[in-house]
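Below: one structure, written as structure tokens.
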Amino acid sequence: MYTIGEMILLSAKEMKLRVEVKIWFSGESLLEYLRLGNSLDILFLDIELVSMKGMQVGEYIRNSAEDRNMQIVYISGNQTYAKDLFKTQPVDFLIKPVSRQQISDALCLAVKILHKSEKKFSFQSGRDYVFLYYDDILYFESVGHRICIRTMKGEYRYYDKIKNLEERLPGGFITIHQSFIVNS
């Protein structure tokens with residue numbers, strides 16, 4: 221029997237997706253991760269967490285953090301929650317015991333939704349792949365052989381040339397100097 225994390229990894233491998241699975245054992249630790257400015261693309265969220273319900277985490281994501289891009293898949297052994305979950309706009313609601321096919325179907329749907337709203341800039345920084353919403357980016361600055369990305373939440377750096385960057389960006393980004401591209 222596979223864990224949910226293992227099922228996600230197996231399904232992602234079959235779909236030829238590169239994923240990183242993180243596991244939290246409490247709603248509080250997940251919220252702390254999000255409050256530190258971290259983001260997730262897809263969240264498989266158990267409703268029956270120890271001290272904080274998964275629904276409360278979902279409400280925080282949608283209402284307090286105002287994150288409408290994260291795709292949430294709720295998991296529960298109790299069907300009575302289904303109606304209350306609509307307020308947090310989940311991708312799916314899976315009833316335990318969860319099969320690998322259910323995980324695969326939910327992951328596939330969440331990925332399709334994410335690709336339809338493909339508004340992210342991606343780059344590799346060291347071993348990590350980083351995805352930033354274009355709307356969150358203030359500007360890019362070329363510093364030596366590195367690109368510095370400034371956002372409201374912080375700064376990111378990776379190796380590239382400004383010319384390569386210009387070709388990748390959608391409309392709405394303006395080159396104002398040979399070393400700066402700003403988000404209009």
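The letter at position 103 of the sequence shown is residue 323 when you use my numbering, and the numbering goes up by one with no holes.
Glycine included, each C-beta is placed from N, C-alpha and C at the ideal position.
This structure is a prediction, so every number in the text was calculated from the model and none was measured.
Cβ of residue i within 8 Å of Cβ of residue j?
| i | j | result |
| --- | --- | --- |
| residue 376 | residue 345 | yes |
| residue 267 | residue 275 | yes |
| residue 342 | residue 399 | no |
| residue 330 | residue 313 | no |
Could you give the C-beta distance for residue i and residue j, rounded to a whole number, given that I count them as a contact under 8 Å?
| i | j | result |
| --- | --- | --- |
| residue 355 | residue 339 | 7 Å |
| residue 238 | residue 378 | About 17 Å; that fails the 8 Å criterion. |
| residue 311 | residue 359 | No, residue 311 and residue 359 are not in contact; Cβ-Cβ is about 33 Å, not under 8 Å. |
| residue 369 | residue 382 | Wrong, their Cβ atoms sit about 12 Å apart, outside the cutoff. |
| residue 291 | residue 334 | 6 Å |
| residue 241 | residue 265 | With 8 Å as the limit, residue 241 and residue 265 do not qualify as a contact, their Cβ atoms being about 13 Å apart. |
| residue 295 | residue 277 | Not really, about 12 Å apart at Cβ, beyond 8 Å. |
Can you list, in chain order, the residues of its chain with a C-beta nearer than 7 Å to that of residue i? Leave out the 5 residues immediately preceding and following it.
| i | result |
| --- | --- |
| residue 323 | 224, 227, 228, 231 |
| residue 386 | 395, 401 |
| residue 326 | 293, 311, 312, 314 |
| residue 243 | 225 |
Under 6 Å Cβ to Cβ from residue i, same chain only, skipping five residues before and after it: list those, please.
| i | result |
| --- | --- |
| residue 353 | 339, 340 |
| residue 297 | 316 |
| residue 260 | 290 |
| residue 380 | 367 |
| residue 351 | 340, 342 |
| residue 347 | none |
Work out the CA separation of residue j and residue i for me, nearest whole Å.
| i | j | result |
| --- | --- | --- |
| residue 253 | residue 384 | 32 Å |
| residue 315 | residue 271 | 20 Å |
| residue 307 | residue 299 | 16 Å |
| residue 256 | residue 285 | 11 Å |
| residue 321 | residue 389 | 36 Å |
| residue 364 | residue 279 | 43 Å |
| residue 393 | residue 374 | 19 Å |
| residue 248 | residue 283 | 16 Å |
| residue 233 | residue 328 | 12 Å |
| residue 397 | residue 221 | 57 Å |
| residue 304 | residue 236 | 34 Å |
Excluding sequence positions up to five away, which residues of its chain have a Cβ less than 8 Å from the Cβ of residue i?
| i | result |
| --- | --- |
| residue 372 | 356, 358 |
| residue 246 | 269, 270, 271, 272 |
| residue 281 | 254, 263, 287, 290, 292, 308 |
What beta strand (DSSP E) runs, 3 residues minimum, are completely inside the segment 262–334?
262–266, 291–296, 312–315
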